[in-house]
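*Asks:*
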Amino acid sequence: MVIIGVDTGGTFTDFIYKDGDKWGIFKTLSTPENPAKAVLYGLKQIAKDKSKNITHGSTVATNAVLERKGAKTAFITNKNFEDILYIGRQNRERLYDLNYRRNKPLADLF
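Whatever position you read off the sequence shown (first residue = 1), add 3 for my numbering.
1) Whole-angstrom Cβ separation of Ile7 and Phe18, contact assumed at under 8 Å?
2) Straight-line CA distance for Arg71 to Asp24?
3) Shortest alpha-carbon distance to Ile28 belongs to which of Ala77, Thr16, Ala39, Pro38?
4) Return the CA-CA distance between Thr14 and Gln48, expressed in angstroms with no decimal places.
5) Between Ile79, Ala64, Thr80, which lies nearest to Gly73 when the distance is taken from Cα to Cα?
6) Taking Thr65 as part of the alpha helix (DSSP H), name the residues at either end of that continuous run.
7) In the DSSP assignment, find the unbroken alpha helix (DSSP H) run with Gly45 in it and report its ends.
8) Using a Cβ-Cβ cut-off of 7 Å (strictly less than) and excluding sequence neighbours within five positions of Tyr44, which residues of its own chain qualify?
9) Could you give the distance in angstroms between the alpha-carbon of Leu102 and the alpha-carbon of Ile87?
10) Can you tell me the Cα-Cα spacing of Leu69 and Asp111, whole angstroms?
11) Alpha carbons only, please: which of Met4, Leu109, Lys21, Asp22 is nearest the one belonging to Asn66?
Structure representation (structure tokens):
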């Protein structure tokens with residue numbers, strides 16, 4: 004059995020695999036219009052007809068939200084946590100900069 008880890012990113016889809024005692028890596032261009040195409044292509048290159056144990060991770064959705072691309076985003080939270088997107092984290096690069104402007108939140112408060 005081949006054990007395969009897959010990471011689908013915006014530019015490349017990366018694979019790491021273990022086939023018996025042999026370890027390997029494989030990289031192919033991502034297919035943003037259909038991310039599954041790059042994954043299936045890589046699986047065919049690595050394991051062909053062997054049985055597989057696959058673990059898949061992706062930053063596609065995270066990148067879409069952070070880059071403000073795709074569908075509108077909603078942030079649903081419990082009462083008294085509605086300001087969490089505006090407060091953010093305290094670890095700012097320019098904590099004492101009086102002219103600092105924070106980025107627009109990923110979702111509007113309403």
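Glycine residues also receive a C-beta, built at the ideal position from the N, C-alpha and C atoms.
*Replies:* Put simply:
1) The C-beta separation of Ile7 from Phe18 comes to about 6 Å, placing the pair in contact by the 8 Å criterion.
2) 43 Å
3) Thr16
4) Their Cα atoms are separated by approximately 19 Å.
5) Ala64
6) Per DSSP, the continuous alpha helix (DSSP H) segment holding Thr65 begins and ends at 63 to 69.
7) 38 to 50
8) Thr31
9) As written in the sequence, residue 102 is Asn, which differs from the Leu given in the question. Taking the straight line from one Cα to the other gives about 22 Å.
10) 14 Å
11) The shortest C-alpha to C-alpha distance from Asn66 to any of Met4, Leu109, Lys21, Asp22 is the one to Leu109.
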